[in-house]
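Student: Below is one structure. I have some questions about it.
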Amino acid sequence: MDELKVVEGYMPFKGYKTWYRIVGENDLGRLPLLTIHGGPGNTHWYLRSLDELARKYHRQVIYYDQIGCGYSKAPSNPDMWSAELFEEELHELRRHLGLEHVHLLGQSWGGILELQYATHRPSGVASMVVASSPADMDLWLAEAIRLRSYLPREMEQALAQADVDGDYDRPEVRAASAEYYRRHVAAVPEDERPEKWRKPFADPVGDEVYHTMQGMSEFVVTGKLSHWSVVDKLGDICIPTLVTSGTADECTPLIAKQIADSIPGAEWALLEGTHMVHLERLEEYNATIEEFVERHE
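When we follow UniProt numbering, the leftmost residue of the sequence shown carries the number 1, and every step to the right adds one.
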């Protein structure tokens, strides 16, 4: 198997450095795909399965770790983290890399950021893939609580109690959280994935980003994303859009359909899997992405 060309570097940003990784070459003139990872506070690692777009379809794929996450180191600073900061970083990265025309793929929180970006700075975005993401955090929270209600009663109660008292370390809470994640977030836990898709280090500032933006768990939104919504702006988006989600995804069909129905001409691909459907149905997922973006070069 031929090795893909990989270029890694840093972009100066706000006195810190944003790390990026460019996989493949633009030898066939296809527009690159710029990926936006989830979390908030995660890293690019779990999206590296998209390398296959470069290997199989010769499409350059670009990853980056958002400031404070992964290789984009920054000190603890809860006041710094905001959707506006991460939107500005995304735009600066496009300028830094000369991505005048580009496809975007945002997964989970990355799709939130992508949707906000599309409402403010759509110029040069040839298409976007909104992967397992909400357009409205109130709906996201309501659906998470609904999915939680289908757990065994003692597990549901353990998770609800943890959100009240803040003790997420009790064994019964850990077990309940693991079961919810297995059903709806990742059928294969991170520590059982191939090493090439696993974050290789602890990331305490990334955890802080999650707690600041979201809250302490998937069942509370007490952070800066509380009541966030772009539903009233979706109808104004003119970028060709593909919504993707999994059948058992915490991004439920109701959440995905809200976006697909609201953005003019949007398409929706529902694949068998969870929130990590891009890993669970790798070949099918990548083929779906390539077929869509190729139509919108």
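Glycine included, each C-beta is placed from N, C-alpha and C at the ideal position.
1. Where do the ends of the alpha helix (DSSP H) carrying L93 lie?
2. Would a C-beta distance cut-off of 8 Å place L93 and T18 closer than the cut-off?
3. Return helix, strand or coil for L156, following the three-state DSSP convention.
4. What's the C-alpha gap between E179 and S229?
5. Quick check for students: name the residue ranges of the alpha helix (DSSP H) that lie wholly in the stretch 233-289, counting only runs of 4 or more.
6. DSSP three-state call for Q107: helix, strand or coil?
7. Judging by CA-CA distance, which residue of S132, N77 and Q214 is the nearest neighbour of P40?
8. Relative to the alpha-carbon of K196, which residue among H44, E88, H120 and I237 has its alpha-carbon at the smallest distance?
9. Three-state secondary structure (DSSP) at R48?
10. Taking only runs that begin and end inside the stretch 54-84, name each unbroken beta strand (DSSP E) of 3 or more residues, in chain order.
11. Which stretch, first to last residue, makes up the alpha helix (DSSP H) that contains A142?
12. Quick one: using the 10 Å Cβ neighbour count with 16 as the cut-off for buried, is T222 buried or exposed?
13. Any idea what DSSP makes of T43, helix, strand or coil?
14. For L34, which of helix, strand or coil comes out of DSSP?
15. What are the residues that DSSP puts in a beta bridge with K17?
16. Assess, as a yes-or-no matter, whether the stretch 204-214 is touched by the stretch 66-77 under the definition of 3 or more beta carbon pairs within less than 8 Å.
17. I22 bridges to which residues according to DSSP?
18. Where DSSP assigns a beta bridge to V130, which residues make up the other side?
19. Along the chain, where does the alpha helix (DSSP H) containing A186 start, and where does it finish?
20. If we ignore side chains and look at the alpha-carbon of each, how far apart do E284 and D236 end up?
21. Just how far apart, CA to CA, sit G15 and E8?
22. Under 8 Å, do R59 and E267 count as touching if we go by C-beta distance?
23. Could you give the distance in angstroms between the alpha-carbon of A160 and the alpha-carbon of S82?
24. Compare the Cα-Cα distances from K5 to each of R21, F13, M11 and P12 and report the closest residue.
25. Give me the Cα-Cα distance between R170 and H37, rounded to the nearest whole angstrom.
26. When burial is assigned at 16 or more other CB atoms within 10 Å of the CB, is V61 buried or exposed?
27. Spell out a yes or no on whether the stretch 138-156 and the stretch 262-279 are touching, meaning 3 or more CB-CB pairs, one atom from each, closer than 8 Å.
Tutor: So, from the data block:
1. A83 to L97
2. yes
3. The sequence shown places Glu at residue 156, not Leu. Note: E156 maps to helix in three-state DSSP.
4. Rounded to whole angstroms, E179 and S229 show a C-alpha spacing of 29 Å.
5. 253-262 and 277-280
6. strand
7. Q214
8. The shortest C-alpha separation from K196 is found at H44.
9. If DSSP states are grouped into helix, strand and coil, R48 belongs with the helices.
10. 61-64
11. Segment M137 to R148, the alpha helix (DSSP H) holding A142.
12. Looking at its Cβ environment, which holds fewer than 16 other Cβ atoms inside 10 Å, T222 is exposed.
13. coil
14. The answer is strand: DSSP assigns L34 an E or B state.
15. Bridge partners of K17: P12.
16. Yes: the two stretches touch, three or more of their Cβ pairs being nearer than 8 Å.
17. V7 and I62
18. G106 and V243
19. No alpha helix (DSSP H) holds A186; DSSP gives it neither H nor E.
20. 30 Å
21. 19 Å
22. no
23. 27 Å
24. R21
25. So the two alpha carbons sit approximately 29 Å from each other.
26. buried
27. Contact fails: fewer than three Cβ-Cβ distances are below 8 Å.
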